[in-house]
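Colleague: For the sequence shown, UniProt numbering gives the first residue as 1, with consecutive numbering after it.
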Amino acid sequence: MNRNSVSLCMIVKNEESYLERCLESVRGIVDEIIIVDTGSSDKTKDIAKRYTDKVFDFKWIDDFSAARNFAIEFASSEYILQLDADEILRFPQKDLFQQLNKDFYYIRIKNDLGSGLYLSHQFIRLFRNSSDIRYRGALHEQVPSDFDIERYGFLPSMEIFHEGYKTHLVKTKQKAQRNLKILLKEIKAKPTAFNYYNLGMQYILEEKHRDALIALKKSYSLGTQYAFSQKVVLDIMKCLQALGQFQEAIKVGEDAVVLYEDVPDFWYQMGLVFMEWGLIKDGQKCFEQCLEIGEENAYKLVQHYDGTGSYMAQAKLAEISLALENHEEALKYIVQAAKASPDTLAIFDIFLSIYPNAKNSEIFQTISSIWPFSSERYIQFISYLYQQRSPLLNEFLIYFGMEVVYPVSTFYYIVAGKYEEAISDFLSNKEQSVEKDPQINSNLLFLAMATENSGLLDHFDLPLSSKELKWFKNLVDTKKVSEIPVNRSILVIWKQLVTDIIQLQKYEFMDILINATDQPELKLTIAECLQLYGFDELALDVLVETSDQQINRKIYMVAANSLRKLGAMEDALFYFKKAEKIKLDFNVLYEQWRIYSEVDAKTGRELLQKISSLYPDSKWAKEEVYKRGVTI
């Protein structure tokens, strides 16, 4: 059986970084390549001419459809394949070498979101070369999807991998006003569901969630049968979450899982909403439901966040298990997630938080046993460990015998305890053109503390006032500081210094910080970090109350959680109740219930009744009420 001929039609502009990879991916696959350039000033056209003699210029008129339709005019094959320069075609042989009989074919596009995360969606990228099929839309151009359903097909084996998705988002942000103007003009001419959907997406990109919500609701009101309708509902949930309207987001999600019963994305999004709302047990149930649905039907979905039915849900379940102090359960889920998606950094991050005080050599051995070796993967881990300022970095560098260069080398020396070498490394390289790296400032502050050299702080590149910089110098020189208005910059620097001291196990410096200030907010930051690493008794010693009730509530919650972990249940309840008086939320009630369910069943049932009454959206609370025979 003869296969159909295919023409690749592309529009490009300044794509020299991507184009060659794209064209290599279709070598020997397509019969013809047509490239339309809309004004490149780099080597894009030179690269294109190495693959085809059909390279044409098109004067840009703010209309993507016009440019794409111009390219189609030069195509002579039976079918048109459309790719962008930052995309590559994967696994095409089975689908493109068969007999094609539909007019339009959906192909799955896998967008690289970074850190091992992917968003997949289906789009019409292969269609018959026919005069009645042309692109529409000035900005979010597409071939029509409103013909008879029998004219459409799906190519299940083939995939388009979009590696420039993050860059695309940055570029789009830079052109936000231009895009918004084009979209509003299109809506005025054609107020369609698709155009309102695109307007909503543009507003989300600009973080205007209220405007986005209005546009998305309008899109859905104009029709629910479109391929993108499912994505509209998901984005409505995300907007409601961003606006803090958690109850409304859950209601939308509950309706969505009835309409789209085999889609894990909605359960996953509800899980995220519940977690932010504080109802982590309900979040847990949602992520468990994601695993029940699984990924088996994901290929049928028009749009799908990869892993919501598997490794992403497992990672969230590990996170919740960790919050509930079930380390064995957390490890079980995170190992499953890592085996399913070893390149997802969020999974690696959660794994590291399970045993924060374990020896680095032991952690490295465990990582080696869970994550299959790949030089690209382990280099990604090394980069991540540097950004997180983890001493585990040195285990990787030493094991692989890697040459360390600035600015990573400065931190490498710090971890090794070679402070003079670290200072020398910084001073001899500080003129290097290094893109703003926050680790350099953290290195300087730690080195200043470790060597009692406040002069190093003159190299600080932070938005600090002269008074604030002097405050940090006094910390280094006199080990005592006066009270200062605490802003975000100071808190970020202070928290990183505390974390460095704990991770590097330089506890003599911790004593200096604890004794240097009596400011409750700074003491609270120390206590939070100590608690995170399991130093609960010391965390309790550090805390001091303040006149600010919002800060006091955080202090009471830290105190209560540490006391509970130490087995002082009555004292823990005392502080949970103090926190509740300032602000009542699900978490403070749930933590009290955890204690009462073990020490006072009757009070525990009464508290469960209160939780269920105050949070009617909590299915977990309802089930617990039923299970324990509580009357509401």
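Yeah, the Cβ is synthetic: ideal placement off N, Cα and C, and Gly gets one too.
With DSSP collapsed to three states, give me the class of K110.
Modeller: As a position in the sequence shown, residue 110 is number 110, starting the count at 1. K110: strand per DSSP, three-state reduction.
Colleague: Using only alpha-carbon positions, find the residue among F446, H209, E159 and A315 that is nearest to V26.
Modeller: Counting from 1 along the sequence shown, the entry for residue 26 is found at position 26. Considering only alpha carbons, the answer is E159.
Colleague: For L243, name the three-state secondary structure that DSSP assigns.
Modeller: Within the sequence shown, the letter at position 243 stands for residue 243. Coil, per DSSP.
Colleague: Determine the closest residue to I537 out of L522, I320, R564 and L183, with distance taken between C-alpha atoms.
Modeller: What you label residue 537 is simply residue 537 of the sequence shown in a count that begins at 1. In the sequence on display, residue 537 carries Glu and not Ile. Taking only the C-alpha atoms, the option nearest E537 is R564.
Colleague: According to DSSP, simplified to helix, strand and coil, what is F228?
Modeller: As a first step, residue 228 is located in the sequence shown; it is residue number 228 there, counting from the start. Coil, per DSSP.
Colleague: Reducing DSSP to helix, strand and coil, say where V36 ends up.
Modeller: The residue labelled residue 36 in the question sits at position 36 within the sequence shown. DSSP places V36 in strand when its eight states are reduced to three.
Colleague: Along the chain, where does the alpha helix (DSSP H) containing S613 start, and where does it finish?
Modeller: Position 613 of the sequence shown, counting from 1, holds the residue named residue 613. Segment A601 to L614, the alpha helix (DSSP H) holding S613.
Colleague: How should A189 be labelled, buried or exposed, when 16 other C-beta atoms within 10 angstroms of its C-beta is the threshold for buried?
Modeller: Counted from its first residue, the sequence shown places residue 189 at position 189. When all chains shown are included, A189 counts as exposed.
Colleague: Determine, for G253, whether the minimum Cβ-Cβ distance to residues of chain D falls below 7 Å.
Modeller: The structure shown contains no chain D; it is built from a single protein chain.
Colleague: Starting from P520, trace the beta strand (DSSP E) in both directions and tell me its first and last residue.
Modeller: By 1-based counting over the sequence shown, the position of residue 520 is 520. Counting along the chain, P520 falls outside any beta strand (DSSP E), though it belongs to the alpha helix (DSSP H) covering P520 to L532.
Colleague: Sorted by chain position, which residues of the same chain lie with C-beta nearer than 6 Å to K218's C-beta, five sequence neighbours on each side aside?
Modeller: Here residue 218 corresponds to residue number 218 of the sequence shown, with the count starting at 1. Excluding residues within five positions, the ones whose Cβ falls inside 6 Å are Y196.
Colleague: Could you give the DSSP three-state label for M158: helix, strand or coil?
Modeller: The residue labelled residue 158 in the question sits at position 158 within the sequence shown. Of the three classes helix, strand and coil, the one that applies to M158 here is strand, per DSSP.
Colleague: With M557 as the anchor, note down where its alpha helix (DSSP H) starts and where it stops.
Modeller: For the purposes of this step, residue 557 is identified with residue 557 of the sequence shown, where counting begins at 1. Here the alpha helix (DSSP H) through M557 covers Q549 to K565.
Colleague: Within the same chain, show all residues whose beta-carbon is closer than 7 Å to that of K583, passing over the 5 residues directly before and after it, in chain order.
Modeller: Start at 1 with the first residue of the sequence shown, and residue 583 comes out as number 583. Within the same chain, K583 has close Cβ partners R553.
Colleague: Pair every Cβ in the segment 110-124 with every Cβ in the segment 304-318, then say whether three or more of these pairs are closer than 8 Å.
Modeller: The segment 110-124 is in contact with the segment 304-318.
Colleague: With DSSP run on the structure shown, which of helix, strand or coil describes D265?
Modeller: The residue given as residue 265 occupies position 265 in the sequence shown. DSSP places D265 in helix when its eight states are reduced to three.
Colleague: Runs of 4 residues minimum, wholly inside the segment 349-381: which ones carry the alpha helix (DSSP H) assignment?
Modeller: Taking only runs of at least 4 residues, the alpha helix (DSSP H) segments lying wholly in the segment 349-381 are 360-370.
Colleague: Evaluate residue 633 with the Cβ neighbour count: other Cβ atoms within 10 Å of its Cβ, from every protein chain shown; 16 or more gives buried, anything less gives exposed.
Modeller: Here the chain comprises residues numbered 1 to 632, so residue 633 is not present and cannot be evaluated.
Colleague: Leaving out five residues on either side along the sequence, give the residues of the same chain with a beta carbon under 6 Å from the beta carbon of K13.
Modeller: Against the sequence shown, residue 13 aligns to sequence position 13. Only T38, G39 and S40 meet the Cβ criterion.
Colleague: Using the Cα positions of G487 and E207, report the straight-line distance between them to the nearest angstrom.
Modeller: On the sequence shown, position 487 is the one that residue 487 refers to. On the sequence shown, position 207 is the one that residue 207 refers to. In the sequence under discussion, the amino acid at residue 487 is Asn, which differs from the Gly named in the question. Taking the straight line from one Cα to the other gives about 24 Å.
Colleague: Grab me the residues of I347's own chain with a C-beta within less than 7 Å of its C-beta, minus the 5 sequence neighbours each way, in chain order.
Modeller: Residue mapping note: residue 347 aligns to position 347 of the sequence shown, counting from 1. Only Y311, A315, I334, A337, A338 and S341 meet the Cβ criterion.
Colleague: What is the rounded straight-line gap between the Cα of A330 and the Cα of I354?
Modeller: For this step, residue 330 is matched to residue 330 along the sequence shown. For this step, residue 354 is matched to residue 354 along the sequence shown. Computed Cα separation, rounded: 7 Å.
Colleague: Do Y79 and N179 have their CB atoms nearer than 7 Å?
Modeller: As a first step, residue 79 must be located in the sequence shown, where it is residue number 79. As a first step, residue 179 must be located in the sequence shown, where it is residue number 179. Result no, Cβ atoms of Y79 and N179 do not sit closer than 7 Å.
Colleague: Can you give, in chain order, each stretch of the beta strand (DSSP E) that sits fully within the UniProt domain "Glycosyltransferase 2-like" (7-89) and has at least 3 residues?
Modeller: For the UniProt domain "Glycosyltransferase 2-like" (7-89), whole beta strand (DSSP E) runs of length 3 or above, ordered along the chain, are 32-37, 55-57 and 79-82.
Colleague: Taking all protein chains shown into account, decide if Q503 is buried (16 or more other Cβ within 10 angstroms of its Cβ) or exposed.
Modeller: Stepping through the sequence shown from its first residue, residue 503 is reached at position 503. By the neighbour-count rule (16 or more Cβ atoms within 10 Å), Q503 is buried.
Colleague: Sorted by chain position, which residues of the same chain lie with C-beta nearer than 6 Å to L8's C-beta, five sequence neighbours on each side aside?
Modeller: Mapped onto the sequence shown, residue 8 falls at position 8. Only V26, V30, I33 and L81 meet the Cβ criterion.
Colleague: Give the secondary structure of F426 by DSSP, where H, G and I count as helix, E and B as strand, and everything else as coil.
Modeller: The residue you call residue 426 lines up with position 426 of the sequence shown. DSSP places F426 in helix when its eight states are reduced to three.
Colleague: Identify, in the order they occur along the chain, each residue of the same chain with its Cβ nearer than 8 Å to the Cβ of L607, setting aside the five sequence neighbours on each side.
Modeller: Position 607 of the sequence shown, counted from the first residue, corresponds to residue 607. Correct list, in chain order: L589, Q592, W593 and Y596.
Colleague: Indicate the three-state DSSP secondary structure (helix, strand or coil) for Q122 in the structure shown.
Modeller: Here residue 122 refers to the residue found at position 122 of the sequence shown. Correct three-state label for Q122: strand.
Colleague: When you compare only the Cα positions, how much space is there between F56 and K185?
Modeller: For this step, residue 56 is matched to residue 56 along the sequence shown. For this step, residue 185 is matched to residue 185 along the sequence shown. If you take the alpha carbons of F56 and K185, they lie about 29 Å apart.
Colleague: So, are the CB atoms of S612 and A601 less than 7 Å apart?
Modeller: Counted from its first residue, the sequence shown places residue 612 at position 612. Counted from its first residue, the sequence shown places residue 601 at position 601. No.
Colleague: From N443 to T344, what does the alpha carbon distance come to, in whole angstroms?
Modeller: The count along the sequence shown starts at 1 and reaches residue 443 at position 443. The count along the sequence shown starts at 1 and reaches residue 344 at position 344. Those two C-alpha atoms are separated by around 27 Å.
Colleague: Verify whether the separation of the beta carbon atoms of F287 and L317 is less than 7 Å.
Modeller: For the purposes of this step, residue 287 is taken as residue 287 along the sequence shown, with counting starting at 1. For the purposes of this step, residue 317 is taken as residue 317 along the sequence shown, with counting starting at 1. Their beta carbons are under 7 Å apart, which means F287 touches L317 by this criterion.
Colleague: Please go through the same chain and pick out, in chain order, the residues whose beta-carbon is closer than 6 Å to the beta-carbon of D42, but skip the five residues on each side of it.
Modeller: The count along the sequence shown starts at 1 and reaches residue 42 at position 42. Around D42: N14 and E16.
Colleague: Have a look at E254 and L543 and give me their C-alpha separation to the nearest angstrom.
Modeller: In the sequence shown, residue 254 corresponds to position 254, counting from 1. In the sequence shown, residue 543 corresponds to position 543, counting from 1. The straight-line gap from Cα to Cα measures roughly 42 Å.
Colleague: Within the continuous beta strand (DSSP E) that includes Q432, where are the two ends?
Modeller: If you number the sequence shown from 1, residue 432 lands on position 432. It is not in any beta strand (DSSP E) - Q432 carries neither H nor E in the DSSP assignment.
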